[in-house]
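Q:
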Amino acid sequence: MQLFSTAPGFDDPIGLLLACHGRILGHCETLERLPGHLAAHGPNDEARQAAGRILRYFHTAAPLHHADEEENLFPLLAAHPDFPESLRAPLQNLGAQHGVLEAAWGELAGGLEAVVAGRPAALSPELFITMHRAHIALENGEIFPVAARLLTTDTLAGIGTAMRARRPGAEP
């Protein structure tokens, strides 16, 4: 019997990316509830803590996650001769979406920083949340299964090594 589930490590880069998506979706759920909480309770301790967790994640882990995909995973898939033609344009678009997601984050982060500081803030996270959910659905449902099928153990190990190097001294 296993008491605790362990997150995938760098030896399972696809699993690690999927776990990251799970954390992103969890933060999106919190973001979805936060405006209502702020309307009812203002920037109380619970709101400040939630906003702080979201800020830390999207300031630190999200850019690393995007780099993992854009610098390591996506180029290998695009270069793979057996990568499905029907997914080539969506794969290319995923990298562009990262820039749009980062711009949406830039607009949202200021409001979250105000909440952390205990100041009232009007948050409108709907676009940020919707874009993340659609982006993740494509990656989880289409891209990552193909990657797991096409990429060799050695290639996946190389991706994991690059991911680890991007995060010196850190485990996932």
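Residue numbers (my numbering): 29 to 200.
Virtual Cβ for every residue (Gly too), placed ideally from N, Cα, C.
1. Express the C-alpha separation of Ile82 and Leu122 in angstroms, rounding to a whole number.
2. Apart from the five residues just before and just after Ala190, which ones in its own chain have a Cβ nearer than 8 angstroms to its Cβ?
3. Taking the straight line between their C-alpha atoms, what separation do you get for Pro118 and Asp182?
4. Give the DSSP-derived three-state secondary structure of His108 in the structure shown.
5. Please confirm whether Ile164 and Ile52 have their CB atoms less than 8 angstroms apart.
6. Are the Cβ atoms of Arg116 and Ala124 separated by less than 8 angstroms?
7. So, is Ala145 buried or exposed, given that buried needs 16 or more other C-beta atoms within 10 angstroms?
8. List, from N- to C-terminal side, the alpha helix (DSSP H) runs of 4 residues or more that fit wholly inside the stretch 79–139.
A: In this structure, then:
1. Counting from 1 along the sequence shown, the entry for residue 122 is found at position 94. Counting from 1 along the sequence shown, the entry for residue 82 is found at position 54. About 22 angstroms.
2. Here the question's residue 190 lines up with position 162 in the sequence shown. Result list for Ala190: Asp96, Glu99, Asn100, in chain order.
3. Numbered from 1 along the sequence shown, position 90 holds the residue referred to as residue 118. Numbered from 1 along the sequence shown, position 154 holds the residue referred to as residue 182. Rounded to the nearest angstrom, the two C-alpha atoms are 25 angstroms apart.
4. The residue you call residue 108 lines up with position 80 of the sequence shown. In the structure shown, His108 sits in coil (DSSP, three-state: anything other than H, G, I, E or B).
5. As a working note, residue 164 is residue 136 in the sequence shown. As a working note, residue 52 is residue 24 in the sequence shown. Yes.
6. Along the sequence shown, read from residue 1 onward, the residue named residue 116 stands at position 88. Along the sequence shown, read from residue 1 onward, the residue named residue 124 stands at position 96. No, these two residues do not count as a Cβ contact at 8 angstroms.
7. Counting from one through the sequence shown, the residue named residue 145 turns up at place 117. By the 10 Å Cβ count, Ala145 comes out exposed.
8. Listed in chain order, they are 90–95, 102–107.
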